[in-house]
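Per the working numbering, numbering through the sequence shown is continuous, rising by one, with the last residue being 401.
For each residue, glycine too, the CB sits at the ideal point set by N, CA and C.
The model shown is predicted, which means the values in this text are computed figures rather than measured ones.
Take a look at the structure set out below.
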Amino acid sequence: MSLRDFAAYLGVSDRTVSNWEGGGASYQPRGESQAVLDTALSRASEDVKARFADARGMSDAAVSVAGRIEVDSHKFLPVFIGAERARKLRAHMTPSVDAQWLESSSARMNHPEAQDCVLHVFACGVAAFHLVQPHEPATLTDLAVWRYRSYASDLPWARSKLRSLLDEDHTGVPIPEYVLSLYWVTSGPWAGEAHDTALRLLSTPSVLVDRGAPDGPAPLDGPVEESLLATGFDHPDIVSFGVRGVSTGYAGWSGVAYASHSDERSLTTAELVACELTVQALWCFTGHVQQMVEDGQDPSMPEQYGWRFLRAAASRLTTARPQETAQHVLMREAIMKTSGLAERLRAAQEALRESVG
């Protein structure tokens, strides 16, 4: 291509390409410029990639790395087991030093397909498994399909694990129901707006999957992902909490997607996980209260976990703290809004208050 044609193909100015060429053989573009070139290379034909590798003296493997997707999948499998069962489990676990106001204990578990698996048990009666599973999917759609298919086995596994820990039969232990993921994106072939679109898709993976397929969740027919990445995708229920130049973060109805651009200034994995665990523990707790109401019962909880406990939880989750950074506040607000937890806390609080007169 001519300089002008190549600039048009990449969507950059003629001057930008001219500056690249003027930098000499040792010059390497930085930041968004490098991402644009990486994306162009990843979308090129195998023949073009091979010729590029030959010209640069690179191996095919080195070329393919530029377009690789690398994602750490964090799954959360919470279930309400009751305060008494929680007390029984926590007697053999390590108290969480960073639990702050939501008292909990944790222990590592063995999971057949997870790099790491930790069971968190909250004193209020919720148990939550946290599974870490690194992935290098060929496409975002592949990751979305894997998510839905793997939950089909992970949820029964969690129930069976709790049953063995509590020494109870299957009927006495409910199966986890709330499904939410956190994707920590470490590498991807996207640049510019396509990068943001990719993370928005990860926060709402259902748009890439046919969950009603005869043989279970499957990719939607046609190049849906490619089309959405090219034209853009957004939804009013997706909330951004990234900070320009620091991070890209989105919370959606199915989970959270986050990419760090500055390790020193962005949120950490531990901070995101801690927020998710708190939100999901309380979601599960309020869901149990709601179920009692819908079953025609007067909801009841141990006094220390009654309506005052929920009032305190709502205040802590919706009020900014002096020690919090702006990113922490944005993250918490985004997750609270997309999860709908604030409304559930209010409804459960009112139901428990009415039940005690």
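Selection from the options that minimises the alpha carbon distance to residue i
i      : options                           : result
Arg112 : Thr183, Arg207 and His155         : Thr183
Gln348 : Leu81, Trp145, Gly331 and Pro366  : Trp145
Ser304 : Gly286, Glu320 and Ala318         : Gly286
Gly236 : Arg129, Ala274 and Leu187         : Ala274
Cys328 : Ala172, Pro139 and Thr363         : Ala172
Leu316 : Ala386, Glu65, Asp116 and Gly66   : Asp116
Glu212 : Thr362, Arg129, His372 and Lys119 : Arg129
Val123 : Phe353, His155 and Val333         : Val333
Val217 : Leu226, Ser291 and Leu206         : Leu206
Ile125 : Ala94, Glu387, Arg203 and Ala318  : Arg203
Tyr53  : Ala88, Pro156, Asn63 and Val373   : Ala88
C-beta contact flag for residue i and residue j at 8 Å
i      : j      : result
Tyr195 : Arg244 : no
Leu252 : Glu269 : yes
Ser150 : Val162 : yes
Leu264 : Leu326 : no
Gly340 : Val400 : no
Lys119 : Asp186 : no
Leu321 : Leu209 : no
Val337 : Leu385 : no
Trp228 : Thr292 : no
His155 : His164 : no
Glu114 : Ser250 : no
First and last residue of the uninterrupted beta strand (DSSP E) at residue i
i      : result
Tyr41  : No answer is possible for residue 41: it lies beyond the span of the chain, which begins at 45 and ends at 401.
Arg179 : For the sequence presented, residue 179 should be read as His rather than Arg. Taken as a continuous stretch (DSSP letters only), the beta strand (DSSP E) holding His179 covers Val170 to His179.
Gly293 : Ser291 to Ala295
Arg152 : Ser148 to Arg152
Ser117 : Glu114 to Phe124
Phe166 : Asp160 to Phe166
Neighbourhood of residue i by C-beta, 8 Å cutoff - its chain only, sequence neighbours within 5 removed
i     : result
Asp58 : Leu47, Arg48 and Ala51
7 Å CB neighbourhood of residue i in its chain, flanking five on each side removed
i      : result
Ala355 : Per the sequence shown, the amino acid found at residue 355 is Arg instead of Ala. The residues are Gln393.
Gln248 : Before going further, note that residue 248 is Thr rather than Gln in the sequence given. Around Thr248: His279, Ile282, Gly296, Trp297 and Ser298.
Val109 : Residue confidence for Val109 is low, a pLDDT of 44 falling below 50, so the modelled location carries little weight and cannot support an answer.
Val56  : Val80
Same chain only: Cβ atoms within 6 Å of residue i, ignoring 5 sequence neighbours per side
i      : result
Pro346 : Ala127
Pro267 : none
Continuous alpha helix (DSSP H) stretch holding residue i: start and end
i      : result
Asp186 : Leu184 to Leu210
### Task
Tell me, please, whether the region 295–315 touches the region 378–385 by the rule of three or more beta-carbon pairs shorter than 8 Å.
yes
### Query
Quick one: any contact between the region 77–95 and the region 165–183, if contact means 3 or more CB pairs under 8 Å?
no
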